[in-house]
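Everything below concerns the one structure shown next.
Numbering (the working numbering), first residue to last: 253 to 519.
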C-alpha cells in the first residue's frame, strides 16, 4: 500500500514537472514566433502551426508570412496567406487577419507583375473593409487604365479618409482620373497639393513631370516649362519633356526677327 502511494506521488510529481517544462517550452516558442526575428522565429512559428494550437493557428500563419516577407520568400509567404484565407470561416482566423491576407497577396502579386491576381485580392480587401490606403490607390490606378474614371475617384475618396493616405501616389492617381474626365483644372489642383508633401527627389520629379504635362494642356506654358525643366534636371528620362520644352521656349521667346528688306525706289 505504501509502495503504491509512493509511486503515485512520484508519478504525480513527474507529470507536474513535465507539464511545467512543456508549458515553458511552448511559451518560449510563442515568444520567439511573435516577437523574434529571422530563421529562429520562422522555425518557432512553424512548430506552433504544426501543433495546430487551438484558436491561434491563423495568428501564427500571419506572423510567419510577415517574417517570410522580410526574408523575401514571397512564395512561402503567399502560401501561408492563402492558408489564412482558407480558415476564414473558423475561429482560428479572425476577419482582420483575412483582410490582411487579401491586402498582402495583392501587394505580392503586384510586385510580381501579376496584375489580374493583384486586382482580385485588392478588390476582395476593399469589399471586406480594408483600411489600407494602398489597396484603394492601387485599384484606382487600374480603373483609370480601364477608363473607369469616376469609379477611380470614388475609391480615392474612400482612401482619403484614412490616415497618411494623401501621398504622391494618391494625388497622381486622382489627377489621372480628373484628366480622364477632361477636368484639367482639378488635375492641376491635385498635383499642386502633391508637391507640398515631402518625398524623395525621384518621386517629386515624377509628380513635377505629370504637373508639367497638365500645365501644357491648360496653356500655362511658363509653369509647364518650370516643372518639365525640373524633371529633366532631376535625371528623369523624358523624351516628350524635351520636345515640349523646345516648343514652349520657341513660343515664349521666338528670338529676333529678320530685318525687313527696304525696297529701293528706281530712279
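Each residue gets a CB set at the ideal place from its N, CA and C atoms; glycine is no exception.
Under the criterion of beta carbons closer than 8 Å, residue 385 and residue 354 do not qualify as touching, at roughly 15 Å.
By alpha-carbon distance to residue 454, the top candidate from 397, 317, 490 and 435 is 490.
Residue nearest to residue 328 within the set 477, 448 and 316 is 316 (criterion: CA-CA distance). For the pair of segments examined, the segment 341-350 was found not to touch the segment 318-325: the number of CB pairs separated by less than 8 Å stays below three. Around the beta carbon of residue 496, 16 or more other beta carbons lie within 10 angstroms, which makes this residue buried.
In this structure, the beta-carbon distance from residue 430 to residue 417 does not fall below 7 Å. With contacts defined by Cβ atoms closer than 7 Å, residue 420 and residue 478 do not form a contacting pair. The three-state secondary structure of residue 389, taken from DSSP, is helix.
The C-alpha of residue 292 lies about 8 Å from the C-alpha of residue 285.
Just so you know, the alpha carbons of residue 475 and residue 500 end up roughly 10 Å apart.
Annotation: residue 485 to residue 413 spans about 35 Å, alpha carbon to alpha carbon.
Counting only residues of its own chain and dropping the five nearest sequence neighbours on each side, residue 395 has a CB closer than 6 Å to the CB of 403 and 404. In the structure shown, residue 301 adopts helical secondary structure according to DSSP, grouped into three states.
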